[in-house]
Amino acid sequence: MRTYEVLYVLRPDLGEEATAAAMARLAEVITSHGGEVLKTQPWGKRRLAYEIAKYREGYYVLVLFAGEQAVSQELERVLKLSEEVIRYLMLRKEDRKEAGEEETNAATEEKAANE
Numbered sequence: 095m096r097t098y099e100v101l102y103v104l105r106p107d108l109g110e111e112a113t114a115a116a117m118a119r120l121a122e123v124i125t126s127h128g129g130e131v132l133k134t135q136p137w138g139k140r141r142l143a144y145e146i147a148k149y150r151e152g153y154y155v156l157v158l159f160a161g162e163q164a165v166s167q168e169l170e171r172v173l174k175l176s177e178e179v180i181r182y183l184m185l186r187k188e189d190r191k192e193a194g195e196e197e198t199n200a201a202t203e204e205k206a207a208n209e
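Counting in our numbering, the sequence shown runs from 95 upward without gaps.
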């Protein structure tokens, strides 16, 4: 499973209940397609850098989740069609090796090449 990070901006005129419902619905899309929500961080209402769809503010939410590519594709489809979401950005987080692991692997390969 790959790890993804999605930041989406909800319309500021939704209200608390509608905002919570939209967040729950998007989390349900992830879990219903075999993904797992690792962390959800609501950032709250913030001013946008520029006007988007005649809004100057938006409610920011950061979600970290794990799943297959189909999960991210379905979530992206739902985000595009959702009227509550005014902007989103989804990134796939790379699996990083620790510095010690890379050095050990390089040393092992070099030793094998010398023999």
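Ideal placement from N, C-alpha and C gives every residue a C-beta, glycine not left out.
**Asked** Alpha carbon to alpha carbon, what distance is there between Glu177 and Tyr153?
**Response** 14 Å
**Request:** Thinking Lys187 and Glu99 are a contact (beta carbons under 8 Å), I'd like their distance in whole angstroms, please.
**Result:** 6 Å
**Message:** Could you tell me the alpha carbon to alpha carbon distance between Val165 and Ile124, rounded to whole angstroms?
**Reply:** 6 Å
**Item:** Straight-line Cα distance separating Asp107 from Ile180
**Value:** 12 Å
**Request:** Within the same chain, show all residues whose beta-carbon is closer than 6 Å to that of Leu158, passing over the 5 residues directly before and after it, in chain order.
**Result:** Glu99, Leu132 and Lys133
**Item:** Which residues DSSP lists as bridging Ile146, in chain order
**Value:** Tyr149
**Message:** Between which residues of its own chain and Gly128 is the CB-CB distance below 8 Å, once the five residues before and five after are set aside?
**Reply:** Gly161, Glu162, Ala164 and Val165
**Message:** Measuring straight from C-alpha to C-alpha, what distance separates Leu142 and Glu151?
**Reply:** 5 Å
**Residues sharing a beta bridge with Ala118, DSSP** = Paired residue(s): none; Ala118 is not in a bridge.
**Under the three-state DSSP convention, the category Glu162 falls into** = coil
**Item:** Leu183 classed as buried or exposed, judged by whether at least 16 other C-beta atoms fall within 10 angstroms
**Value:** exposed
**Whether Tyr102 touches Val155 by CB criterion (8 Å)** = yes
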